[in-house]
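Participant:
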Amino acid sequence: TMGSKRPRSPPPHGTDSDDSSWETSSEEGGTQSLKAEREQRFKVDKKAMKKLRKKTRLEAPTQNQQQTTQDPAAFFTSLAAVTVGLDGKAWLVGKSTAMERNYSRDEPCAEDIRPLHVLVKAFDFVMRKATNSENPSGSKYLSDQLKGMRQDLVVQNIRTNFTVSVYEAHARAALDIGNVSEFTQCQAGLRSLYKDGLQAEDGDHLEEFMCYRIIYFTLSDQIDALASELQEHEALLNPASKLAKSLSPETRSRFQSVCGGERVQLTMRLSAYLQDCDSLKVMKTAHVLGEGVLKLIKMYLQRERVRWLQQSVTSFKGSIPSLFVLESLGFMPSTSKSLTAQDQKKAAKKEEITRIKQALASITDAKLQFIDSTLSLADAAFAELIKDIKMTVPAQFDLTHDVRASLQKRLDFLEGASDTSKSSASIDSGVMSQAVQVYCNFLSNVKTA
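First residue of the sequence shown: 251, per my numbering; consecutive thereafter.
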């Protein structure tokens, strides 16, 4: 009838259903019986489950067995096994005895990793091989080998003075070949190692790499990182600061001596000159700080020269002497060896005058301090810059002539004589300013600029 419930069908013939429950299912008592049966079937035995969990823990696979399973958790367990434990001890000890090994992106295994005593021998081996005169690509080879050593040290958690030696050597090799990425990785590692009180086996080079870090942050326009670095220097110089107290007394004294030293203060001035686009002071200061700083500046030199050129041509109207352009771009050699008070002494003045006169006597053979290394490389760098901004220089332009004129100008200043130097050519300031502006606009729209 309408509204009545549909009668329940009997169970198929041959099933294990309870006939009595079926007969009474239409009644209230039968319904209660079915509910009780269902609850009994799905009831969890808590004691049995506790025993099962305990048995599962006892029968868990070992670490080696986990590495052979396809469980994703086992993969990450094996990956963690090649790093370090919570106690700081290495979980992997190398077994390889090879003297040479490049960096590998594969999962490290003990058969490929070299232990510490092998790495010490390998370090001496690759350093000797890289300095061999018969190996023209020594710096590239050395960088590849030292990157492999760094990997061996990291996976075994080896943090000793030898580790500092490897990182410092790799950073210098990266500077030689202009590899910014490897240089920054080494700097990050050295910063942590230095704060642990470690230093290279051949001496303390904290001051050298602290200067590199300041100049690198400046050249790469990492203003926030540079500000943090300078704030850290101030904190280290303050014995009551939290950072200074976190270091051991010996390490704190070491950092304070370096941060307050003359070389680091000179590096900070160089950083200011770079930000102000004061190319003349940049060149003089960089030569005083040494070859390492010059190599670091060379990585960004062409970009910096575009900035210097953009700033210098905006202040001119009419024609610009080629000598002024070259001096503004840092193509002229440096004749002074120091920026300290000793420069004011007569002996230092006479020494510089002697060097300039020797250079004027034989400009091509003189050992002049070019940031581009040599006169011929400076000429090639200027030609490349002019090509980049799509300009043509006057036919009478001569870099050698202008270098001689720059030296004569410096000599006249030191001897108190009137300036007799003359440029080899003149360049239209309006044409050059427009070319530089177009090139800068192009760079602003190129992601890889």
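From the three backbone atoms N, C-alpha and C, an ideal C-beta is built for every residue, glycine too.
Remember, predicted model here, so these are calculated numbers, not experimental data.
Taking DSSP's pairing of strands, which residues face Phe459 in a bridge?
Facilitator: Position 209 of the sequence shown, counted from the start, is the residue given in the question as residue 459. Bridge partners of Phe459: none, in fact.
Participant: Which class does Gln313 belong to by DSSP, given the choice of helix, strand or coil?
Facilitator: Here residue 313 refers to the residue found at position 63 of the sequence shown. At Gln313 the pLDDT is 46, less than 50, meaning the model places this residue with poor confidence and gives no usable figure here.
Participant: I need the DSSP call for Gln229, collapsed to helix, strand or coil.
Facilitator: With the chain covering 251 to 699 only, the question about residue 229 has no answer from this structure.
Participant: Give the DSSP-derived three-state secondary structure of Ile408 in the structure shown.
Facilitator: For this step, residue 408 is matched to residue 158 along the sequence shown. Note: Ile408 maps to coil in three-state DSSP.
Participant: How many Å lie between Asp648 and Gln401 at the Cα?
Facilitator: The count along the sequence shown starts at 1 and reaches residue 648 at position 398. The count along the sequence shown starts at 1 and reaches residue 401 at position 151. Rounded to the nearest angstrom, the two C-alpha atoms are 50 Å apart.
Participant: Using the C-alpha atoms, what's the distance from Lys345 back to Ala631?
Facilitator: Here residue 631 refers to the residue found at position 381 when the sequence shown is read from its first residue. Here residue 345 refers to the residue found at position 95 when the sequence shown is read from its first residue. One C-alpha to the other measures close to 48 Å.
Participant: Does the stretch 482 to 492 come into contact with the stretch 543 to 552, if we say contact requires no fewer than three beta-carbon pairs (one atom in each stretch) closer than 8 Å?
Facilitator: Too few Cβ pairs lie closer than 8 Å, so no.
Participant: From the DSSP output, in three-state form, read off Ser674 for me.
Facilitator: Your numbering for residue 674 matches position 424 in the sequence shown. Looking at Ser674 - three-state DSSP - the assignment turns out to be coil, as it is neither helix nor strand.
Participant: What would DSSP say about Ala450, mapped onto helix, strand or coil?
Facilitator: What you label residue 450 is simply residue 200 of the sequence shown in a count that begins at 1. Of the three classes helix, strand and coil, the one that applies to Ala450 here is strand, per DSSP.
Participant: Count the other CB atoms, across all protein chains shown, that sit within 10 Å of the CB of Asp652; report buried if there are 16 or more and exposed otherwise.
Facilitator: Working through the sequence shown from its first residue, we reach residue 652 at position 402. Buried is the call here.
Participant: My output table needs one value for Ser387: the three-state DSSP class, helix, strand or coil.
Facilitator: Counting from 1 along the sequence shown, the entry for residue 387 is found at position 137. If DSSP states are grouped into helix, strand and coil, Ser387 belongs with coil.
Participant: Strictly by DSSP, which residues pair up with Pro571?
Facilitator: Looking up residue 571 in the sequence shown gives position 321. Its beta-bridge partners are Ser676.
Participant: If we ignore side chains and look at the alpha-carbon of each, how far apart do Asn411 and Ala372 end up?
Facilitator: Within the sequence shown, numbered from 1, the residue matching residue 411 stands at position 161. Within the sequence shown, numbered from 1, the residue matching residue 372 stands at position 122. Cα-Cα distance, rounded: 16 Å.
Participant: Would the stretch 667 to 676 and the stretch 548 to 566 be scored as touching if the rule is three or more Cβ pairs under 8 Å?
Facilitator: The stretch 667 to 676 vs the stretch 548 to 566: no contact.
Participant: Nearest-angstrom Cα distance between Ser389 and Gly680?
Facilitator: Within the sequence shown, the letter at position 139 stands for residue 389. Within the sequence shown, the letter at position 430 stands for residue 680. Computed Cα separation, rounded: 43 Å.
Participant: Quick check on the DSSP output: the alpha helix (DSSP H) that includes Arg351 runs from which residue to which?
Facilitator: Within the sequence shown, the letter at position 101 stands for residue 351. Per DSSP, Arg351 belongs to no alpha helix (DSSP H) and is neither H nor E.
Participant: Relative to the C-alpha of Ala419, which residue among Val368, Ser496, Asn429 and Cys436 is closest?
Facilitator: On the sequence shown, residue 419 is found 169 positions in, with the first residue counted as 1. Comparing Cα positions, the closest option is Cys436.
Participant: What are the boundary residues of the alpha helix (DSSP H) that Leu497 is part of?
Facilitator: Position 247 of the sequence shown, counted from the start, is the residue given in the question as residue 497. From DSSP, Leu497 is part of no alpha helix (DSSP H); its letter is neither H nor E.
Participant: What does the alpha-carbon distance come out to for the pair Met460 and Lys531?
Facilitator: As a first step, residue 460 is located in the sequence shown; it is residue number 210 there, counting from the start. As a first step, residue 531 is located in the sequence shown; it is residue number 281 there, counting from the start. So the alpha carbons of these two residues sit roughly 21 Å apart.
Participant: Distance check for Tyr353 and Leu392, CA to CA, integer angstroms please.
Facilitator: On the sequence shown, residue 392 is found 142 positions in, with the first residue counted as 1. On the sequence shown, residue 353 is found 103 positions in, with the first residue counted as 1. Distance between the alpha carbons of Leu392 and Tyr353 is about 12 Å.
Participant: What number of angstroms, rounded off, separates the C-alpha of Tyr431 from the C-alpha of Ala424?
Facilitator: Counting from one through the sequence shown, the residue named residue 431 turns up at place 181. Counting from one through the sequence shown, the residue named residue 424 turns up at place 174. The sequence shown places Ser at residue 431, not Tyr. Rounded to whole angstroms, Ser431 to Ala424 spans 8 Å at the Cα level.
Participant: By a C-beta neighbour count over all protein chains shown, 10 Å radius and 16 as the cutoff for buried, is Leu576 buried or exposed?
Facilitator: In the sequence shown, counting from the first residue as 1, residue 576 sits at position 326. Burial call: buried.
Participant: Quick check: the Cα distance between Ser612 and Lys637, rounded to an integer number of angstroms?
Facilitator: Within the sequence shown, the letter at position 362 stands for residue 612. Within the sequence shown, the letter at position 387 stands for residue 637. Distance between the alpha carbons of Ser612 and Lys637 is about 29 Å.
Participant: According to the neighbour-count rule (16 or more other Cβ atoms, all chains shown, within 10 Å of its Cβ), is Ala705 buried or exposed?
Facilitator: No information on residue 705 is available, as it lies outside the stretch 251 to 699 that the chain covers here.
Participant: Taking the C-alpha atoms as reference points, what is the distance between Val376 and Ala450?
Facilitator: Translated into the one-based positions of the sequence shown, residue 376 becomes position 126. Translated into the one-based positions of the sequence shown, residue 450 becomes position 200. Approximately 17 Å between the Cα atoms of the pair.
Participant: Whole angstroms are fine: how far does the CA of Phe581 sit from the CA of Ala655?
Facilitator: In the sequence shown, the residue the question calls residue 655 occupies position 405. In the sequence shown, the residue the question calls residue 581 occupies position 331. Cα to Cα, the separation comes out at about 13 Å.
Participant: Round the Cβ separation of Ala536 and Leu559 to the nearest angstrom and send it over; I've been treating them as touching at under 8 Å.
Facilitator: Residue mapping note: residue 536 aligns to position 286 of the sequence shown, counting from 1. Residue mapping note: residue 559 aligns to position 309 of the sequence shown, counting from 1. With a Cβ gap of about 18 Å, Ala536 and Leu559 do not count as contacting.
Participant: Would Glu479 and Ile464 be called neighbours here (beta carbons separated by less than 8 Å)?
Facilitator: Residue numbering aside, residue 479 sits at position 229 when the sequence shown is read from its first letter. Residue numbering aside, residue 464 sits at position 214 when the sequence shown is read from its first letter. Yes, the Cβ-Cβ distance between Glu479 and Ile464 is below 8 Å.
Participant: If we ignore side chains and look at the alpha-carbon of each, how far apart do Asp474 and Leu579 end up?
Facilitator: To locate residue 474, count along the sequence shown from 1; it is residue 224. To locate residue 579, count along the sequence shown from 1; it is residue 329. Distance between the alpha carbons of Asp474 and Leu579: 27 Å.
Participant: Sorted by chain position, which residues of the same chain lie with C-beta nearer than 7 Å to Asp446's C-beta, five sequence neighbours on each side aside?
Facilitator: The count along the sequence shown starts at 1 and reaches residue 446 at position 196. So the qualifying residues of the chain are Arg409.
Participant: Figure out for me which residue from Tyr689, Lys607, Pro358 and Arg364 has the closest Cα to the Cα of Ala348.
Facilitator: Translated into the one-based positions of the sequence shown, residue 348 becomes position 98. Closest option to Ala348, Cα to Cα, is Arg364.
Participant: DSSP three-state call for Ser584: helix, strand or coil?
Facilitator: Along the sequence shown, one-based indexing puts residue 584 at 334. Correct three-state label for Ser584: strand.
Participant: In this structure, does DSSP put Arg364 in helix, strand or coil?
Facilitator: Walking along the sequence shown from the start, residue 364 turns up at place 114. Here Arg364 sits in coil by DSSP.
Participant: If contacts are defined as beta-carbon pairs under 8 Å, then Ser572 and Asp678 qualify, I think. What distance do you get, rounded to the angstrom?
Facilitator: Residue mapping note: residue 572 aligns to position 322 of the sequence shown, counting from 1. Residue mapping note: residue 678 aligns to position 428 of the sequence shown, counting from 1. Contact flag wrong, Cβ pair sits at about 12 Å.
Participant: Taking DSSP as the reference, what is the three-state secondary structure of Asp669?
Facilitator: The residue you call residue 669 lines up with position 419 of the sequence shown. Coil at Asp669, not helix or strand.
Participant: With a threshold of 16 other CB atoms inside 10 Å of the CB of Lys397, please say whether the residue is buried or exposed.
Facilitator: As a working mapping, residue 397 is identified with position 147 in the sequence shown. So Lys397 ends up on the buried side.
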